[in-house]
Amino acid sequence: MTETPEIPVCPFCMRPIPPDVAQSLHHLIPRSKGGKKGPTVLLHEICHKEIHATLSEGEIARTFNTMEALRAHPKLEKFADWVSKRPPEFLSPSKGGRRKKFE
11 MTETPEIPVC PFCMRPIPPD VAQSLHHLIP RSKGGKKGPT VLLHEICHKE
61 IHATLSEGEI ARTFNTMEAL RAHPKLEKFA DWVSKRPPEF LSPSKGGRRK
111 KFE
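In this text, residue positions in the sequence shown follow the working numbering: the first is 11, and each later residue adds one.
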């Protein structure tokens, strides 16, 4: 009997992340803010891009450095709810491009 590998779940949108789906590691404290060796979480690429399009690295490091805090941000909470209804392989460009950094 062969064991089926466990498919990880995105802690942002709670959808499964199959191996063939775009994914990336998110540093809970950005590398540029001292989180190089800190904890990371595996996310769908679309979820990761939305986090960085919404928040600056300083905001992530100071206030939004847990999955609970990220999911509680009003804009990200709305996005997570919306994307959670999409299939795991769903991709769409983030609106508005990358957020300008004013730190």
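Note that CB positions come from ideal geometry on N, CA and C, so glycine has one too.
Ignore the nearest five residues each way along the sequence and tell me which others in residue i's own chain have a CB closer than 7 Å to its CB.
{"i": "Cys-57", "result": "Cys-20, Phe-22, Cys-23 and Val-93"}
When the Cα atoms are used, what is the spatial distance from residue i to residue j?
{"i": "Glu-113", "j": "Ile-17", "result": "The predicted model places Glu-113 with a pLDDT of 42, which falls under 50 and marks its position as unreliable; any figure quoted below should be read in that light. Near 37 Å, if we compare the C-alpha coordinates of Ile-17 and Glu-113."}
{"i": "Ala-32", "j": "Thr-50", "result": "16 Å"}
{"i": "Glu-87", "j": "Ile-70", "result": "15 Å"}
{"i": "Glu-67", "j": "Pro-40", "result": "6 Å"}
{"i": "Pro-55", "j": "Leu-80", "result": "For the sequence presented, residue 55 should be read as Glu rather than Pro. Each residue's Cα considered, the two are about 15 Å apart."}
{"i": "Leu-35", "j": "Lys-46", "result": "12 Å"}
{"i": "Leu-101", "j": "Ala-90", "result": "13 Å"}
{"i": "Lys-59", "j": "Leu-65", "result": "10 Å"}
{"i": "Pro-26", "j": "Pro-15", "result": "13 Å"}
Beta strand (DSSP E) containing residue i: first to last residue?
{"i": "Leu-35", "result": "33 to 37"}
Under the assumption that residue i contacts residue j (Cβ atoms under 8 Å), give the Cβ distance between them as a whole number of angstroms.
{"i": "Leu-52", "j": "Asn-75", "result": "With 8 Å as the limit, Leu-52 and Asn-75 do not qualify as a contact, their Cβ atoms being about 17 Å apart."}
Residues in its own chain within less than 8 Å of residue i by CB, not counting five upstream and five downstream?
{"i": "Asp-30", "result": "Glu-99"}
Only counting runs of 4 or more residues, tell me where the alpha helix (DSSP H) segments fall wholly within the stretch 52 to 100, in order along the chain.
-> 55 to 64, 67 to 72, 77 to 82 and 84 to 93
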